[in-house]
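In what follows, a single structure is set out as structure tokens and then discussed.
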Amino acid sequence: MSQTEYEVKVGMECHAELLTQSKMFCGCRNEFGGEPNTRTCPVCLGLPGSLPVFNKAAVEQVLRTALALHCEISLHTIFHRKNYFYPDLPKGYQISQYGSTPIGVNGYLEIEKADGSVKQIRITRVHLEEDTGKSIHSDGAGYSVMDYNRSGVPLMEIVTAFPPDIESGEEARLYAEALRSVLLYLNVSDGRMEQGSLRAEPNPSIRPVGSEMFGVKTELKNLNSFRAVQRGVEYEAQRQAAEIEAGRVVIQATYGWDEEKGVTVLQRLKEVEQEYRYFPEPDLIPIDFDTEYIESVRASLPELPLARTRRLREQYELPAADALQLVSDRATADFFEESAKAAKDAKAVANWLLGDLTRLANAAGTPVSETPVTAAALADLVNLIVAGTITGKIAKQVIEEMFVSGKTASQVVADLGLTVSGADEVAGIVAGVIAANPDVVAKIKGGNEKSRGFLVGQVMKAAKGRARPDDINRLMEEALANA
Amino acid sequence: MALTPEDVRSVGSLARLALTDNETERFTHHLNGLLEQFARLQELDTEGVPPTSHAVPVAAALREDLVRPSLPREAVIAMGPQVDEDLGGFIVPQVLGE
Ligand SMILES: [Zn+2]
């Protein structure tokens with residue numbers, strides 16, 4: 103058992119493919135997948151004589167993100183060539199942004215921890231670049247095959263500040279989750295980590311607690327889920343500590359995450375800092391933003407997830423976990439608010455939405471906001487329960503029927519005759535149950551209170567869930583007193 | 066600060082140029098000549114002058130986000146020195162670990 107205690111510091115580089123129609127510098131369609139090499143042209147293949155032209159929508163999406171992440175905006179933003187040779191890069195360089203004038207600088211993203219505390223994670227830059235091609239592995243052929251459909255797709259890079267603010271695998275996961283959620287709210291990314299359209303690459307390093315120096319960091323790749331981000335960082339921090347404890351040093355390198363084995367695997371050593379020979383891209387003129395344009399984009403930003411979570415909690419008195427779950431998807435949160443406005447009990451709307459409706463939607467493979475149960479129909483259901491027209495138990499049956507037929511709650515209740523049984527009807531059932539079970543009644547009279555539950559159960563069964571529990575208890579009490 | 070033949074060889078390897086000894090010597094001479102010219106420019110007082118990345122003072126033109134037709138795949142594939150017809154892609158040396 104080691105005496106030294108270590109702490110982990112994690113920098114994060116995230117890449118998001120932007121949600122544009124066309125690529126960054128040419129008119130080829132920006133879309134995931136497709137038959138290899140069916141969406142290329144002289145520009146994205148890097149053929150001699152072709153010239154790149156900025157996609158306005160891509161620039162605006164990065165600007166929106168930078169503003170949402172509280173960045174300062176470079177009024178004069180420059181693009182550079184990052185030169186390296188790799189088969190996925192047809193031009194022999196990637197157009198990127200280097201140095202001090204990326205579109206956004208010095209921002210931050212807030213994460214909310216499990217204990218409810220909020221932590222600010224500083225962001226050093228938000229910049230715009232282009233994605234590379236992709237290799238298709240040809241099994242056993244001894245070579246790789248390149249597909250350039252992804253070449254030139256607009257890519258946004260978001261980098262956290264140094265020294266790193268993220269100090270655990272959990273915080274790394276929360277950061278990735280919070281970032282994805284912001285990107286989804288801004289409608290600039292589809293957030294699909296499993297498809298690689300959103301990539302989170304943490305670079306953890308450890309140092310003894312109290313040390314002023316930073317340790318050597320390693321870079322993690324192939325993290326295809328939030329869970330993998332947390333596990334990868336935790337594993338890597340332990341591996342680094344074990345290296346140091348064993349008297350070895352941590353070597354600067356890139357590691358890939360092996361999801362199945364739950365380990366990181368060495369991919370590439372970084373013995374020397376790669377020399378990319380960055381220089382200003384001569385084919386592209388710098389972009390000048392005017393402040394009026396920046397302010398108009400800022401004014402168009404939607405309410406962001408964390409602010410919305412806080413507001414939902416206060417405005418509708420929702421538990422923190424419910425608010426968080428509703429807000430994680432913008433359409434679900436919109437659906438909730440629309441329904442809550444028309445309902446007499448917002449908390450009940452949240453419960454039905456996150457409970458039965460989510461269960462039904464998941465089983466059908468549809469987003470919760472796009473099922474036959476509309477926001478207004480859910481509000482109607484809740485209002486029927488609040489008014490005492492149906493019981494909560496019957497409501498479960500009603501929502502199933504609403505989900506299948508697309509009818510409103512009121513229609514379903516009327517069609518199936520599911521309104522609550524009147525007191526007279528319940529009293530009749532209670533009398534019947536008591537008459538049919540004289541031995542049980544005798545036990546209760548003899549002081550065995552447990553047997554009362556049996557009689558209540560019999561009444562509920564006979565009433566087919568349409569009797570209010572309050573009514574049953576009250577009428578049972580009266581009937582037993584008179585029995 | 067003059068360049069050594071070693072510097073020239075390493076710059077050459079970054080650009081994937083296999084330089085002969087003869088060429089290395091020649092380019093060391095040429096490049097040092099260029100650096101001398103730049104050293105003279107360095108003597109100018111540039112205090113308060115922002116770094117220039119482009120010589121023409123115009124702002125970039127941005128295009129609307131519209132899809133235009135791509136090249137037919139056959140035409141694209143035909144440009145490759147080696148192609149895999151089945152997969153419809155360019156053959157390159159095996160890419161490992163990525
Ligand atoms: Zn293209």
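Taken in order, these protein sequences are the chains called R and C. So the mapping is simple: my numbering equals the position in the first sequence, first residue as 1, plus 102. So the mapping is simple: my numbering equals the position in the second sequence, first residue as 1, plus 65. No residue lacks a Cβ here, since even glycine has one placed at the ideal position from N, Cα and C. Note that the structure is a prediction, hence the values are computed from the model and not measured.
- The Cβ atoms of Glu109/R and Val311/R sit closer than 8 Å to each other.
- The beta carbon of Lys158/R sits closer than 8 Å to some beta carbon of chain C.
- Relative to Pro266/R, the option among Gly254/R, Asp233/R, Gly293/R and Met315/R whose CA is nearest is Met315/R.
- For Gly254/R, the distance from the CB to the nearest heavy atom of ligand 1 is below 7 Å.
- Residue burial is scored here from C-beta neighbours: Gly135/R has fewer than 16 other C-beta atoms within 10 angstroms and is therefore classed as exposed.
- Of the heavy atoms belonging to ligand 1, none sits nearer than 7 Å to the Cβ of Ser402/R.
- Close to chain R, meaning a Cβ-Cβ distance shorter than 8 Å, are the following residues of the stretch 117 to 134 of chain C: Ser118, His119, Val121, Val123, Ala124, Ala125, Ala126, Leu127, Arg128, Glu129, Asp130, Leu131, Val132, Arg133 and Pro134.
- When DSSP states are grouped into helix, strand and coil, Phe187/R belongs to the coil group.
- If you compare the alpha carbons of Ala170/R, Ala544/R, Gly519/R and Arg412/R with that of Ala565/R, the shortest gap goes to Gly519/R.
- Proximity of the beta carbon of Thr142/R to ligand 1 is indicated: a heavy atom of the ligand is located closer than 7 Å.
- Under DSSP, Pro256/R takes part in a beta bridge, and its partners are Glu232/R.
- Interface with chain R (8 Å Cβ-Cβ cutoff): Pro146/C is excluded.
- Residue state for Phe155/C is assigned as strand, using DSSP reduced to three classes.
- Going by DSSP, Glu580/R is part of the alpha helix (DSSP H) stretching over Pro571 to Asn584.
- Gln196/R sits in a strand when the DSSP states are folded into three classes.
- Just so you know, the alpha carbons of Ala445/R and Gln417/R end up roughly 14 Å apart.
- Gln222/R carries a strand assignment under DSSP once its states are collapsed to helix, strand and coil.
- Look at the stretch 88 to 99 of chain C: it has no residue with a C-beta under 8 Å from a C-beta of chain R.
- Burial of Val451/R is indicated by the presence of at least 16 other C-beta atoms within 10 angstroms of its C-beta.
- A distance below 7 Å between beta-carbons, with the five flanking residues on each side excluded, links Arg227/R to the following residues of its chain, in chain order: Pro204, Gly206, Val207 and Val261.
- Taking 8 Å as the threshold, the shortest C-beta distance from Met126/R to chain C does not fall below it.
- With a cut-off of 7 Å, the C-beta of Val145/R is classified as near ligand 1, since at least one heavy atom of the ligand falls inside that distance.
- When secondary structure is reduced to three states using DSSP, Tyr380/R falls in the coil class, being assigned neither helix nor strand.
- A Cβ-Cβ separation of about 6 Å places Asn539/R in contact with Leu557/R under the 8 Å criterion.
- Residues of chain C with a Cβ closer than 8 Å to the Cβ of Ser246/R are, in chain order, Ile156, Val157, Pro158, Gln159 and Val160.
- Across the set Asp249/R, Lys215/R and Gly244/R, the C-alpha of Lys215/R shows the shortest separation from the C-alpha of Glu273/R.
- Our two residues, Val220/R and Ile213/R, have alpha carbons roughly 6 Å apart in a direct line.
- Against chain C, a Cβ distance below 8 Å from Asp390/R picks out Ala124 and Ala125.
- In the structure shown, Phe92/C adopts helical secondary structure according to DSSP, grouped into three states.
- Leu300/R counts as buried, since no fewer than 16 other beta carbons sit within 10 angstroms of its beta carbon.
- Around the beta carbon of Gln376/R, fewer than 16 other beta carbons lie within 10 angstroms, which makes this residue exposed.
- Among the residues facing chain C, Val500/R is not included, as its CB has no counterpart in that chain under 8 Å away.
- For Cys128/R, the shortest separation between its Cβ and any heavy atom of ligand 1 lies below 7 Å.
- Put simply, of Arg341/R, Leu257/R, Gly235/R and Leu456/R the residue whose alpha carbon is nearest the alpha carbon of Val161/R is Leu257/R.
- Distances between the C-beta of Ser135/C and the heavy atoms of ligand 1 include at least one below 7 Å.
- Pairing Ala569/R with Ala463/R, the inter-Cα distance amounts to about 28 Å.
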